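Note sheet for the following structure.
In my numbering, the protein residues as written are 3 to 200.
Dropping the structure here:
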């Protein structure tokens, strides 16, 4: 075999191993159908895969100095890590928002329905979000204030916790929202997260 033939043989041999890697879906550049490249955070990629989720709940008539607890948990042996991308609270009056981790759960409470952000996906989350259960609070990790007021022209305000929090198997956190105004009020809470198989 001549030198030129040996060169082409090894070149063909090399590309036989490289082509499957280059065309692997895991390495392909994320694009829209018109071939426009999507430059977006990892969260968008997880939505595209079907592992991006959202949950929201409006709480009405929360009494002055009253609190609502929202439990966010990743069950033991779930097989996934949960990456919380955003927690957002909006209220019509001044609220305190505190987050506690590693709480003791006596009863979960009422399940809050989730929404898969990829409407074509049938993947369900392992994370479970509840409210109104019986909890013993663990370690305080966040203190937030949601601005607002109880007078007639109050428009309220919002607060968000934008840091990503990784919730491993068997770990939970509780968002406690307390009405600090002089009268009852309404507020809403929303969370966005994605999940990765371990």
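Positions of the beta carbon are idealized from the N, C-alpha and C atoms, including for glycine. In this text, all values refer to a predicted model and were calculated from it rather than measured experimentally.
Reduced DSSP secondary structure (H/G/I, E/B, other) of residue i
| i | result |
| --- | --- |
| residue 49 | helix |
Range of the contiguous beta strand (DSSP E) that encloses residue i
| i | result |
| --- | --- |
| residue 171 | Unbroken run through residue 171: none, as it is neither H nor E. |
| residue 147 | 141-148 |
| residue 112 | 106-113 |
| residue 76 | 69-76 |
| residue 79 | Premise fails: residue 79 is in no beta strand (DSSP E) and is neither H nor E. |
| residue 56 | 54-64 |
| residue 187 | 187-199 |
Sequence-distant residues of its chain with Cβ nearer than 6 Å to residue i (five each side left out)
| i | result |
| --- | --- |
| residue 172 | 78 |
| residue 86 | 167 and 195 |
| residue 52 | 120, 123 and 125 |
| residue 48 | 54 and 196 |
Contacts around residue i, its chain only, beta-carbon distance under 7 Å, and the 5 residues preceding and following it disregarded
| i | result |
| --- | --- |
| residue 99 | 91, 146, 148, 161, 177 and 179 |
| residue 114 | 57, 59, 131, 132 and 133 |
| residue 142 | 100 and 102 |
| residue 112 | 132, 133 and 134 |
Cβ-based neighbour list, residue i, same chain, cut-off 8 Å, excluding 5 preceding and 5 following
| i | result |
| --- | --- |
| residue 62 | 188 |
| residue 108 | 135, 136, 137 and 138 |
| residue 200 | 81, 82, 83 and 171 |
Strand pairing of residue i, partner residues [DSSP]
| i | result |
| --- | --- |
| residue 205 | Residue 205 lies beyond the range of the chain shown here (3 to 200); nothing can be said about it. |
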